[in-house]
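Chemist: Before I ask anything, let me first share the structure, which is written out below as structure tokens.
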Amino acid sequence: MERLDKILSHLNYGSRKEVKEYIRKGYFMVNGETIYKDDFKVSPLDDEITFDGGVIEYNEFVYIMLNKPKDVISATFDPRYKTVIDLMPEYAKMSVFPVGRLDIDTEGLLIITNDGALAHRLLSPKYHVWKKYYLTFDGIYKEEYQHNFEEGIILDDGYKTLPARFEIIKENEAYIYIHEGKYHQVKRMLEALNMKVTYLKRVGFGDITLDNTLNLGQYRLLTKEEIDILKGNSK
């Protein structure tokens with residue numbers, strides 16, 4: 196059981212103070228009864244909460260697709276840089292966080308959620324959830340490099356990456372698929388083969404593809420189908 200004012204604030208019906216005032220004015224009903232006490236206890240999964248005649252849909256977790264721009268960091272707070280959460284202030288109160296990280300100069304698909312269990316599974320190498328990136332690079336790609344990607348590449352610190360896939364689109368453009376998230380991993384993988392990444396954008400996460408209608412900095416809630424796909428990717 197949770198306090199009614201806490202649930203309504205969580206659902207963005209206003210600040211905690213504003214919600215308390217709305218309740219005291221009788222704006223909300225629980226199971227057909229008008230409630231005036233802000234500390235009234237309800238079960239959001241069992242009780243029907245209505246506002247202005249409409250039933251309020253309660254979702255404990257939120258799942259968001261963001262097209263991350265450059266110069267924004269994948270964190271919930273930073274004293275110096277704008278964070279991905281700063282781009283969506285209406286969701287900050289729901290304790291959302293990015294699933295994994297994109298470098299500050301990397302663009303593209305980032306999943307934002309408050310579902311910690313799902314996030315943990317999506318990031319675990321155990322589940323082999325692929326991340327797909329589009330990149331441009333300087334240097335010469337050689338066919339024999341495909342073997343290096345498939346076998347794993349030894350980085351500058353001696354770490355050997357898990358197997359990856361590298362698909363040339365045309366000269367100096369490619370897709371790379373990895374299911375790890377080591378520091379600057381894609382850049383370091385190419386550097387190990389005498390190539391340099393000049394542009395990097397994540398375009399896929401598991402079986403979820405970046406919505407091409409989202410401009411940089413824009414975001415939207417995942418559809419139920421997309422949420423089910425993500426959950427399926429982590430089983």
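Mapping to the numbering used here: the sequence shown position 36 is 231, numbers consecutive.
Even for Gly, the Cβ is constructed at its ideal location relative to N, Cα and C.
Quick caveat, the model's predicted, so the values are computed rather than measured.
1. Which one or two residues does DSSP pair with I268 in a beta bridge?
2. In the structure shown, what three-state DSSP assignment does R296 receive?
3. Which class does V291 belong to by DSSP, given the choice of helix, strand or coil?
4. For M224, which residues does DSSP report across the bridge?
5. So, with DSSP's three-state summary, where would you put E368?
6. Measuring alpha carbon to alpha carbon, tell me which residue in A387, L416, W325, E252 is nearest Y370.
7. Using CA atoms only, rank isn't needed, just tell me which of I424, D300, R198 is closest to G234.
8. Indicate the three-state DSSP secondary structure (helix, strand or coil) for D338 in the structure shown.
9. Excluding the 5 residues preceding and the 5 following I230 in the sequence, name in chain order all residues of the same chain whose CB lies nearer than 7 angstroms to its CB.
10. Any idea what DSSP makes of G311, helix, strand or coil?
11. Closest to T418 by CA distance: which of K265, G248, Y258, V237 is it?
12. Going by DSSP, what residue range makes up the alpha helix (DSSP H) through K382?
13. So the alpha helix (DSSP H) D423 belongs to, where does it begin and stop?
14. In angstroms with no decimal places, state the Cα-to-Cα distance between T245 and L282.
15. From Q413, I349, G399, L411, pick the residue whose C-alpha is nearest to that of E421; which is it?
16. Alpha carbons only, please: which of K426, L395, A287, E213 is nearest the one belonging to F332?
17. Do I202 and V237 count as a contact pair if the criterion is CB distance below 8 angstroms?
18. Taking the beta carbon of N262 as the centre, do at least 16 other beta carbons fall within 10 Å, making it buried, or is it exposed?
19. Using only CA atoms, which one of K232, L313, L317 lies nearest to G376?
20. Confirm the yes/no value for this check: CB of H374, any heavy atom of the ligand HEM, distance under 7 angstroms.
21. How many angstroms separate the CA atom of N226 from the CA atom of D406?
22. Between I373, N410, I424, which lies nearest to P320 when the distance is taken from Cα to Cα?
23. With DSSP as the reference, identify every bridge partner of L261, one or two as the case may be.
24. Give me the Cα-Cα distance between Y378 and E252, rounded to the nearest whole angstrom.
Modeler: Quick look at the numbers:
1. T278
2. For R296, the secondary structure class from DSSP, reduced to helix, strand or coil, is coil.
3. coil
4. T229, T245
5. strand
6. Looking at the Cα atoms, W325 is the closest of the given residues.
7. Here residue 234 is Asp; the residue named in the question, Gly, does not match the sequence. By alpha-carbon distance to D234, the top candidate from I424, D300, R198 is R198.
8. It should be noted that the sequence gives Glu, not Asp, for residue 338. Coil, per DSSP.
9. If we look at I230 and ignore the five residues flanking it on each side, its Cβ neighbours are L199, I218, F223, M224.
10. helix
11. Y258
12. Element bounds for K382: 380-386.
13. 419-428
14. 30 angstroms
15. G399
16. With distances taken between CA atoms, F332 lies nearest to L395 out of K426, L395, A287, E213.
17. yes
18. buried
19. L317
20. No copy of the ligand HEM occurs in the structure displayed, which carries no ligand at all.
21. 38 angstroms
22. I373
23. L305, Y414
24. If you take the alpha carbons of Y378 and E252, they lie about 39 angstroms apart.
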